[in-house]
Amino acid sequence: MQRRLILQGLISGGALGLAGCASLGGTSAGKAKVLVVGGGYGGATVSKYIRLLSDHSIDVMMVEPNTSFVSCPVSNLVIGGQKTMADITNPYTGLSSRHGVRVVHDSVTAVDTAKKTATLAGGSTVSYDKLVLAPGIDFMWDQIQGLREAHTAGQILHAWKAGPETMALRRQLEAMRDGGTYAIVIPEAPYRCPPGPYERASVIAAYFKKAKPKSKVLILDGNPDVTSKGPLFKKAWQDLYGGMVEYRPQHKAVAVNAKTNTVEFEVQGDVKADVLNVLPVMRAGALAVQTGLANANNRWCHVNFLNFESTAAKDVHVIGDAIQVAQGMPKSGHMANSHAKVTAAAIVAELQGIEINPHPMVTNVCMSYVDDAHVIHVASVHEFVPTQKTFRTIGGSGGVSDVRSDLEGRYAEAWAKNIWADTLM
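Okay, so the sequence shown: first residue is 20 according to this note's numbering, each after it adds one.
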């Protein structure tokens with residue numbers, strides 16, 4: 020009962036409200052300018068909340084190349100045929116019309132952290148007092164030989180950034196023969212959680228069960244075991260799909276052969292599939308790497324968790340999937356939303372000369388479909404521990420589902436609607 024109440028709170032607004040912060044209205048920040056790069060769960064949320072918490076006194080420009088927000092969470096249901104792209108697409112107009120965020124559909128090509136300027140692809144230069152990078156993830160193509168070329172040709176897709184590739188993978192599945200094999204290849208952690216590889220395998224199996232019952236789903240995982248909600252996923256595969264889903268751990272991909280649609284592994288033998296869905300090894304978005312902010316093995320960005328300021332540059336904050344996360348902190352959309360609120364409150368406090376909240380908290384819930392209607396979840400609450408200068412999971416907070424259920428399916432629908440509204444409206 021207690022876990023259900025926590026989950027209901029996370030979904031209905033407890034985790035989608037301000038994470039450990041109060042209104043910071045008061046002292047005017049004058050003409051302070053914040054530039055936000057990226058309009059995903061982190062970037063859109065931080066843009067909105069800086070405006071809200073400053074009583075709209077701080078100027079916020081958000082640079083995002085895409086004209087609409089397309090959600091990676093829930094996008095697996097488009098691949099499985101349970102939803103459409105329209106169901107996971109929302110406009111950015113609420114940020115501008117309701118909150119006065121200047122939304123610029125462009126991309127940032129360079130940042131000068133000393134001069135506090137950014138150069139846009141369109142040629143203009145933007146100055147800032149605070150910069151927030153929410154660049155998401157990018158791919159380390161050279162870790163799997165031949166993958167870049169196969170991906171560019173449209174043959175072997177990842178569909179890990181929701182958009183046109185989501186539908187392209189769906190079309191590959193629709194064209195696949197009944198009796199064929201779909202194989203998803205998962206890199207070693209850490210990687211961006213949503214869309215979620217085990218959820219994707221599950222909802223594709225649900226599609227096959229109805230439309231291509233002789234077909235097979237093969238999960239080739241670079242990790243020693245399922246990295247999230249393992250027992251629940253495995254039980255669902257056994258109960259719902261009768262041998263249709265096969266899970267193979269410790270399969271680290273090293274190459275693909277586009278001519279034969281084959282993936283090669285470090286130790287195990289090659290695997291051929293009708294549809295190959297290979298997830299590349301991931302790192303922070305390209306801009307974070309180019310600007311030298313990816314100072315964790317040139318892959319992720321170290322931050323001061325009190326305000327998410329980069330350890331490599333003053334007045335530059337990095338949030339979302341691009342950071343080197345604290346222990347137990349997933350690279351999820353919900354967590355990016357939480358990062359954004361802590362960061363927004365800290366930025367407003369710094370620009371207005373107010374003390375930063377010394378004890379921020381963040382929350383997370385990841386909900387995964389195992390078929391068209393049944394969902395499982397994992398949830399957690401994390402607190403900043405000043406003596407350790409990091410976030411720690413609060414013991415007993417959240418937890419995982421006892422069983423899959425259609426009730427949690429309804430919770431998942433509500434979660435998506437609420438977090439989209441919290442982020443964009």
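Cβ atoms here follow ideal geometry from the backbone N, Cα and C, with glycine treated the same way.
Considering His358, what are the terminal residues of the alpha helix (DSSP H) in which it resides?
352–371
When the Cα atoms are used, what is the spatial distance from Gln373 to Met348?
A small correction: the amino acid at residue 373 is Ile; Gln does not occupy that position in the sequence shown. Taking the straight line from one Cα to the other gives about 28 Å.
Beta-bridge pairing of Phe88 - partner residues as DSSP gives them
DSSP lists Asn109 as partners of Phe88.
Straight-line Cα distance separating Ser87 from Thr103:
15 Å
Just mark Arg117 as buried or exposed, buried being the case when its beta carbon has 16 or more other beta carbons within 10 Å.
exposed
Closest by CA to Gly61, which one among Leu306, Met81, Pro379?
If you compare the alpha carbons of Leu306, Met81, Pro379 with that of Gly61, the shortest gap goes to Met81.
The alpha helix (DSSP H) that contains Asp334, what's its start and end?
Careful: Asp334 lies outside any alpha helix (DSSP H) and carries neither H nor E.
Pull up the DSSP beta-bridge partners for Tyr201, would you.
Val236, Val294
From Leu295, Val294, Asn296, Asn317, pick the residue whose C-alpha is nearest to that of Ala303; which is it?
Asn317
Cα-Cα separation, Met263 to Glu218:
15 Å
Beta-bridge pairing of His10 - partner residues as DSSP gives them:
Because the chain is modelled from 20 through 444, residue 10 falls outside the range shown and cannot be assessed.
Mapping the DSSP letters down to three states, classify His396 as helix, strand or coil.
strand
Phe227: first and last residue of the uninterrupted beta strand (DSSP E) it sits in
Element bounds for Phe227: not the beta strand (DSSP E) but the alpha helix (DSSP H), 216–230.
Would you tell me roughly how many angstroms separate the C-alpha atoms of Met380 and Gly241, rounded to the nearest one?
32 Å
Can you give me the C-alpha to C-alpha distance between Ala363 and Trp439, rounded to a whole angstrom?
18 Å
The region 412–429 contacting the region 385–394, beta-carbon criterion three pairs below 8 Å:
yes
Fully enclosed by the region 248–303, which beta strand (DSSP E) runs are 3 residues long or longer?
DSSP runs (the beta strand (DSSP E)) wholly in the region 248–303: 264–267, 272–276, 281–284, 294–297, 301–303.
Which one or two residues does DSSP pair with Gly418 in a beta bridge?
The beta-bridge partner set that DSSP reports for Gly418 consists of Ala398.
What residue range is occupied by the uninterrupted alpha helix (DSSP H) comprising Glu66?
Here residue 66 turns out to be Ser, not Glu, going by the sequence shown. Note, Ser66: alpha helix (DSSP H), 60–72.
Any chance the region 142–153 sits against the region 328–346, with 3 or more Cβ pairs inside 8 Å?
yes
Sequence ranges, alpha helix (DSSP H) only - wholly within the region 134–179, length at least 4:
166–171
Reducing DSSP to helix, strand and coil, say where Arg429 ends up.
helix
Can you tell me whether DSSP reads Asn437 as helix, strand or coil?
helix
Nearest candidate by alpha-carbon position, reference Leu251, set Leu312, Met195, Ser221
Ser221
Beta-carbon separation of Ala292 and Leu239 under 7 Å?
no
Per DSSP, what kind of secondary structure is Asp131 in: helix, strand or coil?
strand
Identify, in the order they occur along the chain, each residue of the same chain with its Cβ nearer than 8 Å to the Cβ of Ala313, setting aside the five sequence neighbours on each side.
Arg302, Ala303, Ala307, Trp319, Cys320, Ala341
Quick one, which of Tyr430, Glu402, Ala398 has its alpha-carbon nearest Ser247's?
Ala398
Assuming Tyr388 contacts Leu96 under a Cβ cut-off of 8 Å, what Cβ separation, rounded to an integer in Å, is found between them?
6 Å
So which of Asn326, Val93, Asp125 has the shortest CA-CA distance to Pro405?
Check the Cα spacing between Pro405 and each of Asn326, Val93, Asp125: the tightest is with Asn326.
Please say whether Ile205 and Pro216 have beta carbons closer to each other than 7 Å?
Taking 7 Å as the cut-off, the beta carbon of Pro216 is found closer than this to the beta carbon of Ile205.
Tell me where the beta strand (DSSP E) around Met380 begins and ends.
380–388
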